[in-house]
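Taking our numbering, the leading residue of the sequence shown gets 7, the next gets one more, and so forth.
Cβ coordinates follow ideal geometry from the N, Cα and C atoms, glycine included.
Down below is the structure, laid out as structure tokens.
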Amino acid sequence: MRRIRRVPILVIASCLFFQFSINSVASANNSSPSDSSSPTTSFEPESTTTLPPSPLKASDIVLISKIKTKDPVVFITIDDGATVSKNLARLLDKQQVPVTTFAMPEMIWRERKWYRARQNMTFENHTNSHAYMTTITPRQQRNELCVANKLIKQIIGERPIMYRPPRGSWSEENRVAMAKCGLKYAVLWSVVIEKDVPQNIMFRKGDIILFHYIPSLPDALKIVLEKLKKQGLEPALLRDYLK
Ligand SMILES: [Zn+2]
7 MRRIRRVPIL VIASCLFFQF SINSVASANN SSPSDSSSPT TSFEPESTTT LPPSPLKASD
67 IVLISKIKTK DPVVFITIDD GATVSKNLAR LLDKQQVPVT TFAMPEMIWR ERKWYRARQN
127 MTFENHTNSH AYMTTITPRQ QRNELCVANK LIKQIIGERP IMYRPPRGSW SEENRVAMAK
187 CGLKYAVLWS VVIEKDVPQN IMFRKGDIIL FHYIPSLPDA LKIVLEKLKK QGLEPALLRD
247 YLK
């Protein structure tokens, strides 16, 4: 629980502006998602798909906010998924930036063409509805995580293995739901970057850097990438270090 105190107010505030409606997900029918559906915000998960039972136990769950490594790498993670752009695509693609995305399924579904086009990106679990995971029942926790895993598998083709608590709302109780849903790693962060990048910021090996998909992301990310290069560090994928 000690680590939760490290969650900066800034992040909590930034997440609060994010208004995410679960209504369209809740009212989903049995149709399968496809690119031929109309460009609306409706999201239609396929209820017949099931994921295999997870062999994980609550005691297997690992909570991290940094990666222990001697490699000169850091980890770029981007949350929520609301705003993407051609600018961002250009930046990521040009430099082949490895990114771990923690976005809700509905956000990925809305911009599925954009997300599916990224070559060096993996998709992890950030709950289905950006839930406060410390205030809902164990059954609701399981629902949030398992539904998100199932939907991301349907949209992207690969099932998440990591979970980032929305607003850092981590509870030890979440380990049970994570294990049930096959999520081994609870991933917090060691550095937060919002709109403005601090001029003298120094990164360290193994840092997990938290960004959000907000309009200022391309500018902030560009500055961070330049600073990383100067500091002899390069971005890597969490999946290459957490198996
Ligand atoms: Zn979030």
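Taking the beta strand (DSSP E) that residue i falls in, what are its first and last residues?
i      : result
Asp86  : 79 to 86
Glu130 : 127 to 130
Tyr70  : Looking at the sequence shown, residue 70 is not Tyr but Ile. Element bounds for Ile70: 68 to 70.
Val105 : 105 to 109
Could you check whether the Cβ of residue i sits closer than 7 angstroms to any heavy atom belonging to ligand 1?
i      : result
Asp85  : yes
Pro172 : yes
Going along the chain, which residues of its own chain have a beta-carbon closer than 8 angstroms to the beta-carbon of residue i, five neighbours each way excluded?
i      : result
Lys190 : Leu62, Asp66, Ile67, Val68, Ile167, Met168, Met184, Leu248
Glu164 : Thr128, Phe129, Ile158
Lys76  : Lys211
Pro78  : Lys211, Gly238, Leu239, Glu240
Once you ignore the five residues that flank residue i on each side, which residues in its own chain have a CB closer than 7 angstroms to its CB?
i      : result
His218 : Ser20, Ile84, Asp85, Asp86
Ala64  : Arg181, Val182, Ala185
Pro144 : Glu179, Val182, Ala183
Ser60  : Ala185, Lys186, Cys187, Gly188
Lys228 : Leu97
Excluding the 5 residues flanking residue i on each side, which residues of the same chain have their C-beta closer than 6 angstroms to its C-beta?
i      : result
Leu231 : none
Thr89  : Tyr219, Ile220, Pro221
Ile82  : Val105, Ile215, Pro241
Leu196 : The sequence as given places Ser at residue 196; Leu does not occur at that position. Only Ser71, Lys72, Asp213, Ile214 meet the Cβ criterion.
Ala192 : Leu69, Tyr169
Arg148 : Ala183, Lys186
Ser42  : Unreliable positioning characterises Ser42 in this predicted model, as indicated by a pLDDT of 42, which lies under 50. A coordinate reading is not provided.
For ligand 3, any of its heavy atoms closer than 7 angstroms to the Cβ of residue i?
i      : result
Arg118 : Ligand 3 is not part of this structure, which contains only ligand 1.
Where does the unbroken alpha helix (DSSP H) through residue i begin, and where does it stop?
i      : result
Ala95  : 92 to 100
Arg122 : 118 to 122
Mind pulling the beta strand (DSSP E) runs of 3 or more residues that sit fully within the region 219 to 246? Counting only runs of 3 or more, we get 240 to 242.
Could you tell me which uninterrupted beta strand (DSSP E) segments, each at least 3 residues in length, are contained entirely in the region 145 to 226, listed from first to last along the chain? Secondary structure within the region 145 to 226: the beta strand (DSSP E) runs of 3 or more consecutive residues, fully enclosed, are 191 to 193, 214 to 218 (chain order).
Determine, using beta-carbon pairs with one atom in the region 148 to 160 and one in the region 133 to 140, whether at least three such pairs fall under 8 angstroms. Yes: the two stretches touch, three or more of their Cβ pairs being nearer than 8 angstroms.
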